[in-house]
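So for the sequence shown, the working numbering puts the first residue at 4; every next one is plus one.
Step one of this worksheet: look at the structure below.
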Amino acid sequence: MMAAQKKVLDLDDYRQENETAVEEAAKAADWWDAEWLKFPTVTHDGEGGWRYWEVPEDSGVYEDDWPLGERLAKETIAHMRRFPEGSTVLRRILREMDPETTIAQGFLTALEDCICYPERTV
Numbered sequence: 004m005m006a007a008q009k010k011v012l013d014l015d016d017y018r019q020e021n022e023t024a025v026e027e028a029a030k031a032a033d034w035w036d037a038e039w040l041k042f043p044t045v046t047h048d049g050e051g052g053w054r055y056w057e058v059p060e061d062s063g064v065y066e067d068d069w070p071l072g073e074r075l076a077k078e079t080i081a082h083m084r085r086f087p088e089g090s091t092v093l094r095r096i097l098r099e100m101d102p103e104t105t106i107a108q109g110f111l112t113a114l115e116d117c118i119c120y121p122e123r124t125v
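Quick look at the structure:
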């Protein structure tokens, strides 16, 4: 084989490796996004923007809002146990939430219970 042909073949191999790496990176990014979207309060707007505390407004009915916050916290903790890298999501949730809402207070209380009493089942 001539040297020029070998260089062309090497370039083709390099391009193929590069294309494969790009495809694998895209799959990894899609997987990561899918894992983040499993958090109950996380949404993605399709333009690259993420919201970490996307919950309904308080209804004004304490008996409805507080349990919703508790459920969201328990689902968040349960997913973090399956996906520990998601702890970043929790930090972002805490930054975005309005802690004065009833839903957020239910969330924070349930989160505190999970941290202080880990032996309890989530």
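We put the CB at the ideal spot given by N, CA and C, even for glycine.
Please read all numbers here as calculations on a predicted model, not as lab measurements.
Fully enclosed alpha helix (DSSP H) runs of no fewer than 4 residues occupy 65-85 and 90-99 of the stretch 15-100, in order along the chain. Secondary structure of THR112 (DSSP, three-state): helix.
Counting C-beta atoms within 10 angstroms of its own C-beta, HIS82 has 16 or more neighbours from the protein chains shown and is therefore classed as buried. In the same chain as VAL92, and ignoring 5 residues on each side of it, the C-beta atoms closer than 7 Å to its own belong to TRP39, PHE42, VAL45 and TYR55, in chain order. Contact between TRP69 and THR105 holds, since their C-beta atoms are separated by about 6 Å, short of 8 Å.
DSSP, reduced to helix, strand and coil, places THR105 within a helical segment of the structure shown. Non-local beta-carbon contacts of TYR65 in its own chain, meaning distances under 8 Å to residues more than five positions away in sequence, involve THR105 in chain order. A distance of 8 Å or more separates the beta carbons of LEU111 and PRO121. Counting C-beta atoms within 10 angstroms of its own C-beta, LEU14 has fewer than 16 neighbours from the protein chains shown and is therefore classed as exposed. Nearest to GLY51 by alpha-carbon distance, out of ASP36, ASP61, PRO59 and GLU22, is ASP36. Measuring C-alpha to C-alpha distances from GLY49 to each of GLU60, ASP33, PRO87 and GLY63 identifies ASP33 as the nearest.
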